[in-house]
Amino acid sequence: MGWRSITAGLFLLTASLIADTQAAGLNDPKPVPASAFRDLRGTSVSLSDFKGQVLLVNFWGTWCVPCLREIPELVRLSARFDTKGLAVVGIAVDSGRPDDIRAFMIEHQINYPTLVSPLGPVKKIFRVVGFPTTLLIDRHGVIRKRYVGPQTEETLRQDVEALL
Numbered sequence: 729m730g731w732r733s734i735t736a737g738l739f740l741l742t743a744s745l746i747a748d749t750q751a752a753g754l755n756d757p758k759p760v761p762a763s764a765f766r767d768l769r770g771t772s773v774s775l776s777d778f779k780g781q782v783l784l785v786n787f788w789g790t791w792c793v794p795c796l797r798e799i800p801e802l803v804r805l806s807a808r809f810d811t812k813g814l815a816v817v818g819i820a821v822d823s824g825r826p827d828d829i830r831a832f833m834i835e836h837q838i839n840y841p842t843l844v845s846p847l848g849p850v851k852k853i854f855r856v857v858g859f860p861t862t863l864l865i866d867r868h869g870v871i872r873k874r875y876v877g878p879q880t881e882e883t884l885r886q887d888v889e890a891l892l
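So, in structure tokens, the structure goes:
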């Protein structure tokens, strides 16, 4: 077993041991880091492409049980606010081939765009320490809230409405 496998395993174990969910308002809000991801067709997409909208970015994995619990909440939130200035974007981390992710999205009725990323950049650039991790970003591209663990539609709705 290589170091990458051991590191990934330890990271996933640590993430799964996070017992409670966190929603942290940021005392020192920062702009969303410059980053580029790939959509399921392989096209490069930057989070800055969504500037002007309130953006909810959800880092998740097809392998993540807590993420599965949260998906229906995000689907409802996306349906409720997609015409009101909210963009929900999923970033599938270490979740396999695009065709596998696409099939997963169909099975779970995911109605928002999903991008893909390996674990390394997500950990380094966005300081993701557990899954799911969700960022709430205002219209100016500033991260206003970070959630670790699955969230309810109600919690997210209140925070989203405050920014719309």
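Numbering (the working numbering), first residue to last: 729 to 892.
Beta carbons are placed, not taken as given, at the ideal position from N, Cα and C, and that holds for glycine.
Practice item. With DSSP collapsed to three states, give me the class of G818. Key: Here G818 sits in strand by DSSP.
Exercise for review: Quick one: measure Cβ to Cβ for V782 and L891, integer angstroms, because I've assumed they're closer than 8 Å.
Suggested key: In this structure V782 is in contact with L891, their Cβ atoms being roughly 5 Å apart against a cut-off of 8 Å.
**Study point:** Boundaries of the beta strand (DSSP E) in which T862 is found, first to last residue
**Key:** First-last of the beta strand (DSSP E) with T862: T861 to I865.
Practice item. Could you tell me whether the Cβ of D767 comes closer than 8 Å to any Cβ of chain D? Key: This model lacks chain D altogether, as it is built from one protein chain only.
Check your understanding: Is V844 near P826, with beta carbons less than 8 Å apart?
Key -> Yes, the Cβ-Cβ distance between V844 and P826 is below 8 Å.
Practice item. With DSSP as the reference, please indicate the residues paired to F765 in a beta bridge. Key: In the DSSP assignment, F765 forms a beta bridge with V773.
Practice item. Look at I853 and P761 and say whether their C-beta atoms are less than 8 Å apart. Key: A contact, by the Cβ cut-off of 8 Å.
Exercise for review: Inspect the beta-carbon positions of V785 and I865 and report whether they are closer than 8 Å.
Suggested key: Yes. Within cutoff.
Point to revise | Start and end residues, alpha helix (DSSP H) containing T883 | key: Element bounds for T883: E881 to L891.
Check your understanding: What number of angstroms, rounded off, separates the C-alpha of G869 from the C-alpha of A831?
Key -> Using only the alpha carbons, I get a separation of about 31 Å.
Review point. Cβ atoms of I819 and V793: under 8 Å apart, would you say?
Key: Cβ distance not < 8 Å, so V793 and I819 don't count as in contact.
Check your understanding: To the nearest angstrom, how far is it from the Cα of R867 to the Cα of K779?
Key -> Spanning the two alpha carbons is a distance of roughly 6 Å.
Check your understanding: Comparing alpha-carbon positions, which option in F809, G877 and I829 lies nearest P860?
Key -> Comparing C-alpha distances from P860 to each of F809, G877 and I829 shows the shortest one belongs to G877.
Check your understanding: In the DSSP assignment, what residue or residues form a beta bridge with W788?
Key -> In the DSSP assignment, W788 is bridged to A820.
Exercise for review: Have a look at F787, L768 and W791 and flag the residue whose alpha-carbon is nearest the alpha-carbon of V856.
Suggested key: For V856, the closest of F787, L768 and W791 by C-alpha to C-alpha distance is F787.
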